[in-house]
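Here the structure comes first, spelled out in structure tokens, and everything after it is commentary.
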Amino acid sequence: MSIEELEEGDGTESDRSKWYTDTILQSELADYAPVKGCMVIRPYGYALWENIQKALDKMIKDTGHQNAYFPMLIPESFLNKEKQHVEGFAPECAVVTHGGGKKLEEPLIVRPTSETIINFMFAKWVQSWRDLPILCNQWANVVRWEMRTRLFLRTLEFLWQEGHTAHATEQEAETEAKLMLEQYRILAEDWLALPVLTGEKTERERFAGAVRTYCIEAMMRDGKALQAGTSHFLGQNFAKAFEITFQDKDGNLEFAWQTSWGVSTRLVGAIVLGHGDDKGLILPPKVAPIQVVIVPIFKTEEEKALVYEHCNRIKSELGDQIRVHFDDRDQHTPGFKFNYWEQKGVPVRLNIGPKDIANEVVEIARRDTREKIRGVRQAGLANELSGLLDQIQKNIFNNALEFRKKNTVSVKTYDEMKKVLADKNVFVETFFDGNGEDEGRIKDETKATVRVIPFDQNEEGECFLTGRKTSRKVIFARSY
RNA sequence: CGGGACGUGGCGCAGCUUGGUAGCGCGGUUGCUUUGGGAGCAAUAGGUCGCAGGUUCAAAUCCUGUCGUCCCGACCA
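Numbering (the numbering used here), first residue to last: 156 to 635.
Next up, the structure:
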């Protein structure tokens with residue numbers, strides 16, 4: 156698909172899917188790897204991921220955690236130690252059976268997540284209440300052998316961070332799980348400009364081995380939900396499986412209370428699907444690899460020399476505060492560059508030609524509104540741009556929030572729900588008191604699942620399915 | 001694993017029905033002219049048509065098999 160064709164589209168599911176793939180390939184965030192289901196994160200996409208990482212890593216450290224690294228290969232027997240966990244993950248594990256030209260005595264699994272190996276190590280490190288809490292995080296790759304893959308959203312191998320903690324009390328672990336969910340909310344909303352619903356997962360959607368799973372859930376531009384991050388209260392499940400025990404202040408032997416939490420490169424997919432339009436990406440200024448791109452305009456060689464010198468000076472003046480790129484490629488016209496950078500989602504573009512230089516002004520073009528602001532004074536440009544970037548950050552967040560509000564519908568009956576989900580994807584808000592079986596049936600009939608049970612509920616109503624009184628209001632939606 | 005589509009220069013595709021010396025657009029290279037919303041002209045390089053068999057005087061094209069990718073479902077961050 157060409158870039159021009161990208162701007163067209165018939166609005167179908169398959170068309171949106173193609174838009175997503177083509178936007179990522181053409182904006183050079185990623186490319187397909189030779190192994191099915193695997194992708195290469197290209198420099199532009201990796202720079203975006205690094206900016207997300209940087210922001211989150213600081214939050215993780217500011218909340219008292221330390222980074223560490225655990226091995227990728229895990230003895231197969233480890234996985235079997237926690238019943239729910241093995242049932243959840245065994246089917247999607249890659250297994251190493253040979254090494255050094257010989258068959259291994261015990262196969263090794265490539266981590267699908269690191270609870271088992273980390274908790275095995277925790278058991279060695281914890282004896283006394285004085286050893287707790289352990290507040291640990293790792294940035295790593297994991298492998299899950301998925302049936303069906305999609306760039307960033309679901310690949311066989313993906314990058315993420317996984318936090319693992321062990322605590323002396325249930326309350327402390329619970330507080331930790333909620334604290335980290337809150338960091339994820341901040342990351343999504345303040346950095347990625349993606350409004351999220353926070354809450355708990357139903358039993359059916361819970362992490363394999365967790366007591367409770369909390370999540371942030373975002374709405375994409377097609378009305379589908381995307382789970383953008385999860386934080387699990389693990390209770391003592393893994394502590395019992397791996398014998399993480401400690402003596403408390405009274406000398407009693409106790410099992411530790413634990414959490415784990417993670418977000419992945421899926422967040423890049425969330426940005427693409429949460430903000431993008433028919434012209435391509437729209438990146439949130441705070442994490443955009445390039446915040447401002449300068450496009451020079453000139454006719455003659457003399458003008459070129461003048462314009463380039465001027466552009467370089469502006470670039471170095473802005474460079475301290477803003478991530479600026481000067482597009483000095485000779486082989487493309489300004490028009491080509493306008494479109495090129497728009498597709499890459501760069502928030503702000505400066506067009507600078509001889510006329511602007513003569514008047515000591517620049518022309519500013521916004522990616523989010525595609526609006527042009529002519530005759531902006533060069534004096535004080537850095538402040539002007541900083542303000543504009545903030546404004547864009549807020550604007551795309553508000554757009555996404557408005558979109559979600561517009562596409563969230565309250566229903567009282569199953570018929571109503573089927574009707575609203577019949578022709579489009581929306582968030583369906585409703586009281587629900589059913590069980591996992593009910594959820595399964597609803598999924599079969601509508602393709603929608605319970606995405607989240609939002610926090611802080613104080614209303615009561617009747618379950619749309621069973622009619623029973625309940626205070627549990629949930630969000631149903633089709634999801635990625 | 002079921003359903004669908006597709007493998008032809010770097011990329012996107014046509015050619016296949018009806019076998020007969022592999023073509024188009026974009027991109028690349030060189031030169032000149034251009035440059036405020038996807039530049040023009042000219043010259044030039046680049047492909048054993050996914051792979052393996054088979055049919056035939058002759059296969060991108062027909063037959064058999066095989067491998068791979070994408071899309072839609074079941075499974076999931």
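Using N, Cα and C, we set each Cβ at its ideal position, and we do this for glycine too.
Where residue i sits in the DSSP three-state scheme
| i | result |
| --- | --- |
| K333 | helix |
| E183 | coil |
| L290 | strand |
| T268 | coil |
| K628 | strand |
| D432 | strand |
| G490 | helix |
| N590 | coil |
| E518 | strand |
| E526 | coil |
| I426 | helix |
N-terminal and C-terminal residue of the beta strand (DSSP E) that residue i is part of
| i | result |
| --- | --- |
| M375 | No beta strand (DSSP E) holds M375; DSSP gives it neither H nor E. |
| M214 | Taken as a continuous stretch (DSSP letters only), M214 belongs to no beta strand (DSSP E), being part of the alpha helix (DSSP H) at 198–217. |
| E355 | 351–355 |
| F481 | 479–481 |
| L505 | 503–507 |
| A249 | 249–254 |
Beta-carbon proximity of residue i to residue j, cut-off 8 Å
| i | j | result |
| --- | --- | --- |
| V607 | L352 | yes |
| S283 | F397 | no |
| V501 | L540 | no |
| D403 | A323 | yes |
| H220 | G318 | yes |
| I399 | A223 | no |
| V195 | A188 | yes |
| W383 | V427 | Contrary to the premise, residue 383 reads as Ala rather than Trp in this sequence. Cβ atoms of A383 and V427: not closer than 8 Å. |
N- and C-terminal bounds of the alpha helix (DSSP H) containing residue i
| i | result |
| --- | --- |
| F313 | Taken as a continuous stretch (DSSP letters only), F313 belongs to no alpha helix (DSSP H), being part of the beta strand (DSSP E) at 312–322. |
| R559 | 536–561 |
| Q239 | 238–244 |
| L461 | 456–473 |
| E571 | 569–578 |
| L234 | 231–234 |
| A394 | 392–397 |
CA nearest to the CA of residue i, picked from the options
| i | options | result |
| --- | --- | --- |
| T568 | L234, E205, F587 | F587 |
| A555 | K459, G431, P451, N514 | G431 |
| V462 | V516, E360, E331 | V516 |
| Y199 | Q533, L576, T178, D475 | T178 |
| L576 | P451, G435, G417, G378 | G378 |
| Q326 | A295, P288, E301 | P288 |
| T455 | F225, D485, T330 | D485 |
| Q638 | T218, G508, D482, D170 | The question about residue 638 has no answer, for the chain in this structure spans 156 to 635. |
Between the CA atoms of residue j and residue i - distance to the nearest angstrom
| i | j | result |
| --- | --- | --- |
| G243 | T420 | 21 Å |
| R529 | N514 | 11 Å |
| M276 | G354 | 30 Å |
| N590 | V448 | 52 Å |
| P246 | R266 | 13 Å |
| K388 | D611 | The identity of residue 388 in the sequence shown is Phe, whereas the question assumes Lys. Cα-Cα distance, rounded: 18 Å. |
| E337 | S386 | 9 Å |
| L347 | Q208 | 12 Å |
| E162 | D433 | Confidence at E162 is low in this model, with a pLDDT of 45, below 50, so the placement of that residue is unreliable and no value is reported for it. |
| E205 | Q293 | 15 Å |
| Y495 | L228 | 42 Å |
| R633 | G535 | 47 Å |
| T176 | E409 | 50 Å |
| E617 | E571 | 14 Å |
| T414 | N550 | 35 Å |
| L263 | R559 | 44 Å |
| R305 | G192 | 7 Å |
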